[in-house]
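Down below is the structure, laid out as structure tokens.
There are 2 protein chains.
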Amino acid sequence: MSETKILASYVTASRLEDIPDDVRHEARRAIVNYVGCAVGGSPHPAVDIAIRALGPYSGTPAASILGRAERLDPLHASLMNGISSHVYDYDDTTPKNYSHPTSPVGSALFSYASANPVRGRDFMLAFILGFEAESRVANAVYPAHYDVGWHITGTSGVFGAAAAVGRLLGLSVQEMVWAIGLAATQAAGLREMFGSMAKAFHPGRSAQNGYVAALLAKEGFTAGEHGIEGPRGFAAVQAATYDLSKITTRLGVDFDLRENTYKPFPCGIVNHPTIDGCIHLHDEHRPPPDTIRAVRLRVAPLVMDLCNQQNITRGLQGKFSVYHGAANELDRGKAGIQEYTDEAVNDPHIKRVRESASFFGYPAIPEDQARIEVDLHDGRTLSKFVEQSLGNLARPLSDRQLDDKFRDQAVLALPAADVESLIRLCWRIDELDEVNELVTAAVPAAARVIPASRRA
Amino acid sequence: MSETKILASYVTASRLEDIPDDVRHEARRAIVNYVGCAVGGSPHPAVDIAIRALGPYSGTPAASILGRAERLDPLHASLMNGISSHVYDYDDTTPKNYSHPTSPVGSALFSYASANPVRGRDFMLAFILGFEAESRVANAVYPAHYDVGWHITGTSGVFGAAAAVGRLLGLSVQEMVWAIGLAATQAAGLREMFGSMAKAFHPGRSAQNGYVAALLAKEGFTAGEHGIEGPRGFAAVQAATYDLSKITTRLGVDFDLRENTYKPFPCGIVNHPTIDGCIHLHDEHRPPPDTIRAVRLRVAPLVMDLCNQQNITRGLQGKFSVYHGAANELDRGKAGIQEYTDEAVNDPHIKRVRESASFFGYPAIPEDQARIEVDLHDGRTLSKFVEQSLGNLARPLSDRQLDDKFRDQAVLALPAADVESLIRLCWRIDELDEVNELVTAAVPAAARVIPASRRA
């Protein structure tokens, strides 16, 4: 059987009872992290602009956007959820393929569940299956696919969204094969967009496109039967080398959710060891910016590839500047959303330290390590070696730290008391009779709509 | 200046006065051919299904779909126009890059012009600029991009739609650069989908995605500044080799519209020489199917790559089966839309002849030539060499033949008298005060909506 068909069969047939408890708990953690990011990112100008540009084209406003008062049709709401949840580069990461997996799947599912009655346990199953589908497709083409310049979050995410929504729509195996084909043929997103709003457009559009793929397939819109493995399919066209066995091996036994990580800092994950180390140096020495003569960073080569932007003026660029990460942390000792604004990037103190920084990529340094040396004008050198960066698989954020991260973000859009009840709802999502209860709690009080099915 | 910026500057600044008369006439021919295809394809089940699946998500139904009674928001109408105009594989082709250029641009523009007042001359200028933009982007990456498996109609088409709609929206150069970036990062469509409805989804989605790109850019949604030429941009990621000078060289002087061709047969263009030759053999000898022992085709190697499907059951597959093309023409002597239905593909006479056919690709044979030999049971061999296939640049369809092609298709959706007036409107599109007059004439009478601006 083809990989596409094996995956389609698995996604259509799997039951929640087949999912181990630890995987379900990791799904809850991913959802907590996701909802915090989506609500926290929802006031971002990129979301304002997208709603202003595309809202006039929305259909019946049947779905809420997490964190926002506006309602749109579920396809457009998927797009907006995807933009908001990724725009601060604060969402989750699977280090084995560098995708940010929850945004595409969660954005489509929460939009679907806002417009349709969905039980919590069905939502959780669809989420887990969508996550596994996209992550396995990503594994099959990583690293060649990523290295050439694809933003794998978008290109693999569309498969996850199609699988997840397709599962809730009750697609047959044949329909799921078509949905996967329609996902494959919409797989897009270029790394050239990093540092602009278009980066966050990728998971949003992949959520929306996957949702569209599932809707079309449900009505019988046909696609190629071999969207993933065919000679002109996703893998062959979008990766110089690939391994399709990664899609099917131990499917339903091994779960990539177990290898998901949650960022402590809202920026490109390869910057995290540097930031972690600079926060340590700040807390230990608190060097005033004008005492710093030079900063030297020894990091993994991928940092050079992704985050080599020194001369920057916009907050979004700061997320992909290891120089900014180092300078900011040495000065402020903190890396939250406020440290990646235009204001922070243009802060003259930070700018001066940023311009004093240099870095070198060493193939021997793994991506979760960094060595930092700071030369002071008084002749001293401060140094720090980070062996495991906070948030990676060996030092995961605790459930409690995820709550803190949620609060820090969500208060940008919701009152603190509402944030607490929303956090509680996220942790027990699989117990909810209707996931719309959670979606409703995630929008400003004045915008809460009681679904028709619940009205007296 | 970067290629993206040069293209953006050209598209925003060019004037209709700068476009030579012969190019304008070729634009009219492309539009006549397009509208006929869109109206003729509009009753196809792929369009029915897409409207059934996505219609419930449509916004305010401000736009007509060519040939259909339903109205949708302009973004969804773009998608439907794109599906209908390409679903019979009967639309235009630029042989230098094998894209079908009018469908993405025309589908977005007619939808825009249905929902917004657009003068005919502005429409024509936007069409020509969108066509040139997409065709030049396609030239830059062809053939490597196409050979690896991209459906270049979709991947380049999104640039054309973004440029054309962006021009009508009056984007600044910066906004057009972002629109091009947002197009680049949505460039998708796999040749693996050939033979399914998803193939026609490609130009539709590229029309819709390009339109979205222009709307977002207009409101200030940022994208990478180097969507085409950047190190992780469209060309570098989606083509093993490319030549960016093809985008900018003699821009505004040479026009790819002059190298556009119109298909006489609704199927993969590389089958056309074989079909042309078999029609000749049919007309000359009228061999009954049971007298045919074997059919041998000597064709260009690309035919082998694209059209090597012998064991087929669906009309859509027939379009990419050189065996079907040969068998059908030997039997029926005609290749219209009715020769690519499921019924035709399953006709036992045609099936038997199809199964007797073999073909060989010869690198020495150009793509517009074919040599056909038919062995009869009585020992005779009929043969025909096609040196220039009807419809290619050396033997273009005349304006009159385009009218005939239009009629043959459009009568599937509209009364014959309405078809005649629609043809006349297409030929004088650039003289219209409002292009919506044409769009209105292209839908069933009962569905015609008088725009608010025209109401008494």
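If you read the protein sequences in the order shown, they are chains A and B.
Residues 516 to 971, numbered by this note's numbering, are exactly what the first sequence covers, in order.
Residues 516 to 971, numbered by this note's numbering, are exactly what the second sequence covers, in order.
Here a beta-carbon is modelled for each residue, glycine too, at the ideal position from N, C-alpha and C.
In this text, all values refer to a predicted model and were calculated from it rather than measured experimentally.
Are A/Thr-806 and A/Ile-887 closer than 9 Å when you measure CB to CB? Numbered from its first residue, the first sequence carries residue 806 of chain A at position 291. Numbered from its first residue, the first sequence carries residue 887 of chain A at position 372. Not in contact: A/Thr-806 and A/Ile-887 (Cβ atoms no closer than 9 Å).
Give the residues from the stretch 758-787 of chain B that approach chain A closer than 8 Å (Cβ to any Cβ), ordered along the chain. none
Next item on the list: Specify, as a first and last residue, the run of the alpha helix (DSSP H) that B/Asp-914 falls within.
Entry: Here residue 914 of chain B refers to the residue found at position 399 of the second sequence. It spans 914-925 - the alpha helix (DSSP H) in which B/Asp-914 sits, taken as one unbroken run.
- Query: Residues of chain B with CB under 7 Å from A/Leu-590, in chain order?
  - Reply: Locating residue 590 of chain A in the first sequence gives position 75, where the first residue counts as 1. One finds Tyr-572 in chain B with Cβ atoms closer than 7 Å to the Cβ of A/Leu-590, taken in chain order.
Worksheet item: Does any C-beta atom of chain B lie closer than 9 Å to the C-beta of A/Thr-955?
Response: Counted from its first residue, the first sequence places residue 955 of chain A at position 440. Chain B contact via Cβ: absent.
*Establish whether the CB of B/Phe-716 and some CB of chain A are separated by less than 9 Å.*
Taking the first residue of the second sequence as 1, we reach residue 716 of chain B at position 201. Nearest CB-CB separation between B/Phe-716 and chain A: below the 9 Å threshold.
Give the secondary structure of B/Asn-714 by DSSP, where H, G and I count as helix, E and B as strand, and everything else as coil.
-> For the purposes of this step, residue 714 of chain B is taken as residue 199 along the second sequence, with counting starting at 1. Note on residue identity: the sequence assigns Lys, not Asn, to residue 714 of chain B. B/Lys-714: helix per DSSP, three-state reduction.
Exercise. Does the beta-carbon of B/Arg-544 have 16 or more other beta-carbons within 10 angstroms, so that it is buried, or is it exposed?
Worked result: Indexing the second sequence from 1 puts residue 544 of chain B at position 29. Counting Cβ neighbours within 10 Å, B/Arg-544 comes out buried, since at least 16 surround it.
Just checking: is the beta-carbon of A/Pro-658 within a distance shorter than 9 Å of some beta-carbon in chain B? Here residue 658 of chain A is taken as the residue at index 143 of the first sequence, counted from 1. With 9 Å as the cut-off, A/Pro-658 does not count as an interface residue toward chain B.
Are the CB atoms of A/Gly-876 and A/Val-934 nearer to each other than 9 Å? Taking the first residue of the first sequence as position 1, residue 876 of chain A is located at position 361. Taking the first residue of the first sequence as position 1, residue 934 of chain A is located at position 419. No; because the gap between Cβ atoms is not below 9 Å, this pair is not in contact.
**OP:** Please check if any C-beta of chain A sits within less than 9 Å of the C-beta of B/Met-691.
**Re:** As a first step, residue 691 of chain B is located in the second sequence; it is residue number 176 there, counting from the start. Taking Cβ atoms only, chain A never reaches closer than 9 Å to B/Met-691, which makes this a no.
**OP:** With DSSP as the reference, please indicate the residues paired to A/Asn-823 in a beta bridge.
**Re:** As a working mapping, residue 823 of chain A is identified with position 308 in the first sequence. DSSP output for A/Asn-823 lists A/Ser-836 as bridge partner(s).
Can you give me the start and stop residues for the alpha helix (DSSP H) that B/Phe-875 sits inside? Stepping through the second sequence from its first residue, residue 875 of chain B is reached at position 360. Counting along the chain, B/Phe-875 falls outside any alpha helix (DSSP H), though it belongs to the beta strand (DSSP E) covering 872-876.
Q. When DSSP labels each residue in this structure, what does A/Leu-587 get in the three-state scheme?
A. The residue labelled residue 587 of chain A in the question sits at position 72 within the first sequence. Looking at A/Leu-587 - three-state DSSP - the assignment turns out to be strand.
Q.
So A/Gly-767 and A/Asp-533 are supposed to be a Cβ contact under 8 Å. How far apart are they, rounded?
A. The residue given as residue 767 of chain A occupies position 252 in the first sequence. The residue given as residue 533 of chain A occupies position 18 in the first sequence. Correct: roughly 6 Å between the Cβ atoms.
Leaving out the 5 sequence neighbours to the left and right, which residues in its chain are closer than 6 Å to A/Ser-579 when beta-carbon positions are compared? As a working mapping, residue 579 of chain A is identified with position 64 in the first sequence. If we look at A/Ser-579 and ignore the five residues flanking it on each side, its Cβ neighbours are Arg-586, Ser-629, Val-954 and Val-958.
Measuring only the C-alpha atoms, how far is B/Gln-853 from B/Ser-599?
Taking the first residue of the second sequence as 1, we reach residue 853 of chain B at position 338. Taking the first residue of the second sequence as 1, we reach residue 599 of chain B at position 84. The alpha-carbon atoms of B/Gln-853 and B/Ser-599 are separated by roughly 16 Å.
For this session: Can you check DSSP and say which residues form a bridge with B/Leu-766?
Result: The residue given as residue 766 of chain B occupies position 251 in the second sequence. Bridge partners of B/Leu-766 according to DSSP: B/Asp-769.
- From the beta carbon of B/Glu-882, is the nearest beta carbon of chain A less than 9 Å away? Indexing the second sequence from 1 puts residue 882 of chain B at position 367. Using a CB distance cut-off of 9 Å, B/Glu-882 does not count as an interface residue toward chain A.
Item to complete: Mind checking who B/Tyr-777 pairs with in its DSSP beta bridge?
Response: As a first step, residue 777 of chain B must be located in the second sequence, where it is residue number 262. Note: B/Tyr-777 sits in a beta bridge opposite B/Asp-607.
Got a sec: is the Cβ-Cβ distance from B/Phe-709 to anything in chain A below 9 Å? For this step, residue 709 of chain B is matched to residue 194 along the second sequence. It does: the Cβ of B/Phe-709 has a partner Cβ on chain A nearer than 9 Å.
So does the stretch 669-689 of chain B actually touch the stretch 606-624 of chain B, counting three or more Cβ pairs closer than 8 Å? yes
Closer than 6 Å by C-beta to A/Val-673: which residues in its own chain qualify, once you throw out the five before and the five after it? Chain order, please. Numbered from 1 along the first sequence, position 158 holds the residue referred to as residue 673 of chain A. Non-local beta-carbon contacts of A/Val-673 in its own chain, meaning distances under 6 Å to residues more than five positions away in sequence, involve Ala-698, Gln-701, Ala-702, Ser-721, Asn-724 and Gly-725 in chain order.
Report task. Determine the burial state of B/Ala-932: buried for a count of at least 16 other Cβ atoms within 10 Å of its Cβ, exposed for fewer. Result -> Working through the second sequence from its first residue, we reach residue 932 of chain B at position 417. Label assigned to B/Ala-932: exposed.
Q: Locate the beta strand (DSSP E) running through B/Lys-849, then write down its first and last residues.
A: Here the question's residue 849 of chain B lines up with position 334 in the second sequence. That residue, B/Lys-849, is in no beta strand (DSSP E); it is neither H nor E in DSSP.
Could you give the distance in angstroms between the alpha-carbon of B/Arg-651 and the alpha-carbon of B/Ala-678? The count along the second sequence starts at 1 and reaches residue 651 of chain B at position 136. The count along the second sequence starts at 1 and reaches residue 678 of chain B at position 163. Answer to the nearest angstrom: the Cα atoms are 12 Å apart.
Using C-beta distances below 8 Å, list every residue in its chain close to A/Lys-778, excluding the 5 sequence neighbours before and after it, in chain order. If you number the first sequence from 1, residue 778 of chain A lands on position 263. Asp-604, Tyr-605, Asp-606, Asp-607, Thr-608, Ile-784, His-787 and Gly-906, listed in sequence order.
If you count every other CB in all the chains shown that lies within 10 Å of the CB of B/Phe-900, and 16 or more means buried, which is it? Position 385 of the second sequence, counted from the first residue, corresponds to residue 900 of chain B. When all chains shown are included, B/Phe-900 counts as exposed.
| Member of A/Val-547, A/Val-633, A/Tyr-572 and A/Ile-643 whose CA lies at the smallest distance from the CA of A/Leu-531 | Locating residue 531 of chain A in the first sequence gives position 16, where the first residue counts as 1. The candidate whose alpha carbon is nearest that of A/Leu-531 is A/Ile-643.
Q: Could you name the residues of the stretch 744-758 of chain A whose beta carbon sits closer than 8 Å to any beta carbon of chain B, in the order they occur along the chain?
A: Gly-745, Pro-746, Arg-747, Gly-748, Phe-749, Ala-751 and Val-752
message: Here's the rule: buried if 16 or more other CB atoms are within 10 angstroms of the residue's CB, otherwise exposed. What is A/Ala-960?
response: Taking the first sequence and counting its residues from 1, one reaches residue 960 of chain A at position 445. Burial call: exposed.
9 Å Cβ cut-off: residues of chain A touching B/Ile-564: Position 49 of the second sequence, counted from the first residue, corresponds to residue 564 of chain B. What B/Ile-564 touches in chain A: Leu-731, Glu-734, Gly-735, Phe-736 and Thr-737.
Legend entry - Neighbour list for B/Gly-876 in chain A, Cβ cutoff strictly below 9 Å: Mapped onto the second sequence, residue 876 of chain B falls at position 361. Per Cβ cutoff of 9 Å: no residues; B/Gly-876 is ~16 Å from chain A at best.
Under a Cβ-count criterion, where at least 16 other Cβ atoms within 10 Å of its own Cβ denotes burial, should A/Glu-870 be classed as buried or exposed? Locating residue 870 of chain A in the first sequence gives position 355, counting from the first residue. The residue is exposed, with fewer than 16 neighbouring Cβ atoms inside 10 Å.
Using the rule of at least 16 other Cβ atoms within 10 Å of the residue's Cβ for burial, across every protein chain shown, is A/Pro-560 buried or exposed?
Locating residue 560 of chain A in the first sequence gives position 45, where the first residue counts as 1. Per the 10 Å Cβ criterion, exposed.
Discussion item. I'd like the span of the beta strand (DSSP E) that includes A/Leu-897, first residue to last.
Written reply: Stepping through the first sequence from its first residue, residue 897 of chain A is reached at position 382. It spans 896-901 - the beta strand (DSSP E) in which A/Leu-897 sits, taken as one unbroken run.
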